[in-house]
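Read the structure below first, then the notes.
Residue numbers (my numbering): 32 to 318.
Here it is as C-alpha cells:
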C-alpha cells in the first residue's frame, strides 16, 4: 500500500506543480476590470460546492462564468488571492493577521459536520470512542466482523486530523505513531482522502459531510456516539465536530466577485448549500 501511495502522491505533486506554474503565469484577475470569467480555488473540501453554487449563479446571471481550479489548500488559495491570481478562494480556516494586513477579507458562508466514513460495502454502520481508541492506538486492527481496518487520514497538521487527535490523549499518540510507522494511508488532499476511502476495503477515515454529499461519494457514513442526523444536530447547535467554509477576496474586489459572494450568502445560495450537506451562513441582509 505504501508504494502505491508514494507513486500517487508523486503524480499529484507533479500535477500540482504544473498547475501552479500555469496559475502564476496567468493574467492578474484580482485587480482586473470585470470580465466574464472569475477564477476560484482553495481547500479541496469546498471546491465542488463552489462549482454547484457557480452553476446556480450562472442561471441567474448568464454572463458570469466561474472556473474552479484543482485543490490548492486553504493557505494556497489565500496566497493566490493576495497575488491576484484568483478572483476569490474558499478556505477552511480564518485569515491570519498578516493576510488581513495584506488586504484580504473573508465571509463565512457555511458550516458542515465532520463525520467518520468507511467503504460502501463495509457491513458496519456505527462506531464509538472505544473502537476508535483501539484502532488508532494499535490495540485492534480489525472491524467487529474480522475484516482488517485500513486507516486513511490527512497529514498530522491538517485540521481534519487535529479533530481526531483531540478526541483523547491516547488517540492523539496513536495517530502520531501510525503515521511515523507508515501504518496509515496519508492522503495529500481532500479528494485523495475520499478516493482512498472509496477504493480501500475496510477503510476508516474522517471528512466533511458536505464534501461527501456535494461530490456524490460512494461512501458509508458511520454513526458516531449515537449521532445519526448530523445536519439536524448541527442546526440545533449540538454537534461538536464542525468545518466552517469562508470565501476569501480582496477588500477592493471586482464587483462581479462581491455579487457572487452576495448570491452565496442569499436564500438562493442557502438552498444549494443545504441540499449538499452544508448549513448556510446568511448575510445580515438575508437573515
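Every residue, glycine too, gets a C-beta built ideally from N, C-alpha and C. Note that the structure is predicted; figures quoted are calculated from it, not measured.
**Asked** In this structure, does DSSP put residue 209 in helix, strand or coil?
**Response** helix
**Prompt:** How would you call residue 120, buried or exposed, if buried means at least 16 neighbouring beta carbons within 10 angstroms?
**Reply:** buried
**Item:** First and last residue of the uninterrupted beta strand (DSSP E) at residue 72
**Value:** 68-73
**Prompt:** According to DSSP, which residues form a beta bridge with residue 169?
**Reply:** BP columns for residue 169 are empty, so no partner.
**Asked** Where are the beta strand (DSSP E) runs, 3 residues long or more, that stay fully inside the segment 252-287, in chain order?
**Response** 273-281
**Prompt:** Are the CB atoms of residue 256 and residue 153 nearer to each other than 9 Å?
**Reply:** no
**Message:** Rounding to the nearest angstrom, what Cα-Cα distance links residue 156 and residue 174 in this structure?
**Reply:** 11 Å
**In chain order, each alpha helix (DSSP H) run of at least 4 residues that lies wholly inside the segment 89-138** = 104-113, 128-132
**Asked** Can you name, in chain order, every residue of its own chain whose Cβ lies under 6 Å from the Cβ of residue 309, other than the five neighbours on each side?
**Response** 141, 143, 241
**Asked** For the putative contact between residue 206 and residue 192, defined by C-beta atoms under 8 Å, what is the C-beta separation to the nearest angstrom?
**Response** 7 Å
**Item:** Simplified DSSP state of residue 309, which is helix, strand or coil
**Value:** coil
**Request:** For residue 198, name the three-state secondary structure that DSSP assigns.
**Result:** coil
**Request:** Could you spell out the range, first to last residue, of the alpha helix (DSSP H) harbouring residue 245?
**Result:** 240-245
**Asked** With respect to the beta strand (DSSP E) encompassing residue 183, which residues constitute its N-terminal and C-terminal limits?
**Response** 181-184
**Request:** Please name the residue, chosen from 291, 296, 139, 306, that lies closest to residue 93 on a Cα-to-Cα basis.
**Result:** 291
**Prompt:** Which same chain residues, not among the five before or five after residue 295, have their C-beta less than 7 Å away from its C-beta?
**Reply:** 84, 140, 278
**Request:** Kindly list the residues whose CB is nearer than 7 Å to the CB of residue 57, restricted to its own chain and excluding five residues on each side of it in sequence; keep chain order.
**Result:** Low local confidence applies: a pLDDT of 47 at residue 57 is under 50, so the model's placement there is unreliable, with the coordinate-based value given in what follows. The answer, listed in chain order, is 116.
**Message:** Give me the residue from 114, 90, 76 with the minimum Cα distance to residue 19.
**Reply:** Not covered by the structure: residue 19. The range shown for the chain is 32 to 318.
**Asked** Three-state secondary structure (DSSP) at residue 297?
**Response** coil
**Asked** Do residue 169 and residue 122 have their C-beta atoms closer together than 9 Å?
**Response** no
**Request:** Return the CA-CA distance between residue 228 and residue 253, expressed in angstroms with no decimal places.
**Result:** 12 Å
**Asked** By Cβ distance, which residues of its chain are closer than 7 Å to residue 46, with the 5 residues on each side in sequence left out?
**Response** Its pLDDT being 42, under 50, residue 46 is placed unreliably in this model, and the coordinates cannot settle the point.
**Message:** Run through the DSSP bridge pairs and tell me what residue 158 is partnered with.
**Reply:** 255
**Message:** Classify residue 222: buried if its beta carbon has 16 or more other beta carbons within 10 angstroms, exposed otherwise.
**Reply:** buried
**Request:** For residue 307, I'd like the list of residues in its chain whose CB is within less than 7 Å of its CB, leaving aside the five on either flank, ordered along the chain.
**Result:** 80, 83, 241, 244, 245
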